[in-house]
């Protein structure tokens, strides 16, 4: 079965400058593929190219080179849009329409008859938590409420693939939890969800796979657990029955030593030498093991490190040509 | 992945380009057809469309009086020129005065409109509407707007001289023109000679020669034509004298060929534009050919049949 | 087709919510008020003036609507970024352009129809209240079907202006679009004078240039037959057909180019 979304060497250059146009590479040869039924997190700091990628997928902008396909068809294939939904970043809809009218307008574009439209609109507005306000004009809505309407309009056609650009933005913690649950429900219904975010906590709790972009380039892609697996930073060892001097002797390279209670120490060890050896020496010195844990990067640490590395290499794409 | 199709911005499909070309060609040809079939407005429509009361137009023109004056000026010339292109029988210059009147109401300093208007309004048919009275009215309006402009007074005098044959009034206006500052110094003697000699062709020649110096192309053309007409009339007189001196033998007919054979003339005499003069075989009367572009001569230059 | 009509109705709905119908009310009031004031004038003048006023107001109000809504048809969506949500739906970019155009044309059609009905209503009232003897002084009857010829050409002209405004809207800011459309409207009405340029100027190049411009710029002066119908002069059916045909082709040209421009744009 072909991937739900297939992106291959997708590149977007913008010409900036007034007189001598210099190319600014907003996206540099992005290649990822998203399988059906996945929740895929597209992460990166602001300006990394997340929104550019989404706009390229919606063919709001055209690629400089490379290609992408959704559900086996090239992006821009109009009939495919019958099966996808899209929520833009900080969306704006027609503020003279009510929430119901907006959804009705879009539902008409999908070709549903009046009765069908009514059912869908009612169901979706309930699902995103818009109650009596649905009869008010959008100009009266708060940012969070517009965001909910945006999610509703992305789902009006029961899409197979849903694209969400910063779906949590503008929502309070309660709202974010609701959206998170909604995304999980979508996955349970067999839909594919592709969402971009700069909030890593959401990715950690939702995504099966992620991609990290920074400076227009792909910094990493894969399962969350795989990405973090290689990144053991060190070990946390808790022992009792030893003295500080003994510790200093056995583990001179320890990064941090703190005494929890007399004789009870927490030591942070580097990855080398292997902790087993330090433990053996401490036991030989009379200590006993309480616990030994690997210290991993959080997604945050990973993110910051990768972004910093990518950012310093962003300049002058033309130098490579 | 499916076949490698270009995913950049769509190239302009051939159909669109063809569509554009067809639309342009079609629109232009419809335009040309319509212009041809319904050639120009009917006179009535033109009068209603183009010509309204000067004051009304002045008010509607907002601050663009001078621009509107230009528009009406273009229409005036177009109207005059367009009529000249018609067959003689169909010429009708009735919009000329209203159009130049409007032009000068909108822009009282539009001197070319006064002068052009005066000259061509006075032209007798078929060259013009033959309305020297309108010409005078127009020029007087110019004088009211710019009393110091000697050209207007000069033109008034000329209309009286050439079209009304009212030499006293003409001389009076030449005199008044000569008294204005910046007036050229040939106006005073001109006034005198007009007063004295009246139908003197020399004064007329002098006047037309002055106009020949004008910067305006069409004024120069008009003056050149008038001078050619005077030359033609002089030539007619001279030829008539020759013809009278060498009548054909008794019972014979007058002809140019006979005179050429008799070595009286070197060749068939032609007028300044190259058209041969007419010689009546029976009466021996020399005249300007009707086919000549200088014809018809102004009233006062035509010699009465003897 | 469905997409086009959907968007068209949306444009129409927006114009209603934007209080465009108020201008109809103003028009009606203007017309009715004038007819009462003009009752003082000599018979024969008032009918002509009502017709002049009615037709001119239909053209002018229509022009304002065509320009002020037309310039924002595309640029407003792009500027406010509501275009993102719209283009993600199963509609193509050409359909969007055509739908927007159809919507504004629909708005104008409703507008012009209402104004024409109001005009005829006032004329009917005047005809009814004026003695038949006085009516013989009129150039043309009060309720004159020939007025519809002028209304027809006014409507085609408005469709052309709308297409112009839409064309500029696909790539230019609203302010610039308004200026350019209005500028072309004014120049277009002097187009007939351009045709006569060659009789006025000496240089062949200038004359050739003028003729080129005459064909290139929209020939709007030809759509103005108000004077003729008000005075009861003949406007042949052939003239109507050729002028309307010219208008339709010019509109088609503008729409094709608008679609080409819009289809290639990046919406950053």
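Protein chains in written order, with the working numbering: chain A, 1 to 321; chain B, 322 to 627; chain C, 628 to 895. Glycine included, each C-beta is placed from N, C-alpha and C at the ideal position.
Reducing DSSP to helix, strand and coil, say where residue i ends up.
i: residue 669 of chain C; result: Because residue 669 of chain C sits at a pLDDT of 49, beneath the cut-off of 50, its placement in the model cannot be relied upon, and the following sentence gives the value as read from the coordinates. Of the three classes helix, strand and coil, the one that applies to residue 669 of chain C here is coil, per DSSP.
i: residue 587 of chain B; result: coil
i: residue 26 of chain A; result: strand
i: residue 514 of chain B; result: helix
i: residue 627 of chain B; result: Caution is warranted here: a pLDDT of 43 is assigned to residue 627 of chain B, below 50, making its placement in the model unreliable, and no coordinate value can be reported.
i: residue 487 of chain B; result: coil
i: residue 762 of chain C; result: helix
i: residue 183 of chain A; result: helix
i: residue 878 of chain C; result: helix
i: residue 616 of chain B; result: coil
i: residue 334 of chain A; result: Because chain A spans 1 through 321 in this model, residue 334 of chain A falls outside it and cannot be assessed.
i: residue 400 of chain B; result: helix
i: residue 347 of chain B; result: helix
i: residue 858 of chain C; result: coil
i: residue 94 of chain A; result: coil
i: residue 53 of chain A; result: helix
Which bits of chain A does residue i rub up against, with CB to CB less than 8 Å?
i: residue 403 of chain B; result: Within 8 Å Cβ-Cβ: nothing; residue 403 of chain B doesn't reach chain A, min ~51 Å.
i: residue 853 of chain C; result: Going along chain A, no residue has its Cβ under 8 Å from residue 853 of chain C, so there is no contact; the nearest lies around 35 Å.
i: residue 727 of chain C; result: Residues of chain A passing the Cβ test: none, with the nearest at roughly 13 Å.
Suppose contacts are defined by Cβ-Cβ distances below 8 Å. Is residue i in contact with residue j by that definition?
i: residue 777 of chain C; j: residue 818 of chain C; result: no
i: residue 119 of chain A; j: residue 64 of chain A; result: no
i: residue 141 of chain A; j: residue 164 of chain A; result: no
i: residue 694 of chain C; j: residue 844 of chain C; result: no
i: residue 166 of chain A; j: residue 129 of chain A; result: no
i: residue 894 of chain C; j: residue 60 of chain A; result: yes
i: residue 203 of chain A; j: residue 43 of chain A; result: yes
i: residue 87 of chain A; j: residue 37 of chain A; result: no
i: residue 32 of chain A; j: residue 211 of chain A; result: yes
i: residue 497 of chain B; j: residue 472 of chain B; result: no
i: residue 480 of chain B; j: residue 439 of chain B; result: yes
i: residue 121 of chain A; j: residue 103 of chain A; result: yes
Interface residues of chain C around residue i at Cβ under 8 Å?
i: residue 78 of chain A; result: 717, 718 and 719
i: residue 396 of chain B; result: 820 and 823
i: residue 392 of chain B; result: 817 and 820
i: residue 86 of chain A; result: 711, 712 and 715
i: residue 153 of chain A; result: 712
For residue i, which residues does DSSP report across the bridge?
i: residue 608 of chain B; result: B:599
i: residue 40 of chain A; result: A:194 and A:209
i: residue 12 of chain A; result: A:27
i: residue 165 of chain A; result: A:196
i: residue 214 of chain A; result: A:217
i: residue 898 of chain C; result: A question about residue 898 of chain C goes unanswered here, because the residues of chain C that appear run from 628 up to 895.
What in chain A is Cβ-close to residue i, meaning under 9 Å?
i: residue 329 of chain B; result: 62, 63, 64 and 65
i: residue 641 of chain C; result: 94, 96 and 97
i: residue 777 of chain C; result: None at all; the shortest Cβ gap to chain A is about 34 Å.
Cβ of residue i less than 8 Å from any chain F Cβ?
i: residue 4 of chain A; result: Absent from the structure is chain F; the protein chains it does hold are A, B and C.
Could you list which residues in chain C have their beta carbon closer than 7 Å to that of residue i, in chain order?
i: residue 81 of chain A; result: 715, 716 and 717
i: residue 345 of chain B; result: 880
i: residue 357 of chain B; result: Correct list: empty, because the minimum Cβ distance to chain C is about 10 Å.
i: residue 630 of chain B; result: For chain B, the structure presents residues 322 to 627; residue 630 of chain B sits outside this window and is missing.
Residues of chain C with CB closer than 9 Å to the CB of residue i, please, in chain order.
i: residue 91 of chain A; result: 708, 709, 711 and 712
For residue i, which residues in chain A fall below 7 Å Cβ to Cβ?
i: residue 629 of chain C; result: 111
Contact list for the region 709 to 720 of chain C against chain A, Cβ threshold 7 Å: 709, 711, 712, 714, 715, 716, 717, 718 and 719
Taking a cut of 8 Å between CB atoms, which residues from the region 50 to 75 of chain A lie near chain C? 55, 58, 59, 60, 61 and 62
Within 7 Å of chain C by C-beta, residues of the region 94 to 123 of chain A in sequence order: 94, 96, 105, 106, 108, 109, 110 and 111
Interface residues of the region 786 to 814 of chain C facing chain B [CB-CB below 7 Å]: none
Given a limit of 8 Å on CB to CB distance, which residues of the region 832 to 858 of chain C reach chain B? 842, 846, 849, 854, 855 and 858
Contact list for the region 875 to 893 of chain C against chain B, Cβ threshold 7 Å: Of all residues in the region 875 to 893 of chain C, 876, 877, 879, 880, 883, 884, 887, 890 and 891 have a Cβ within less than 7 Å of some Cβ in chain B.
Which residues, taken in chain order from the region 643 to 657 of chain C, show a beta carbon closer than 7 Å to some beta carbon of chain A? 644
Residues of the region 410 to 441 of chain B whose Cβ lies closer than 9 Å to any Cβ of chain C, in chain order: none
Near-chain C residues of the region 562 to 593 of chain B (beta-carbon distance less than 8 Å), N- to C-terminal order: Of all residues in the region 562 to 593 of chain B, none has a Cβ within less than 8 Å of some Cβ in chain C.
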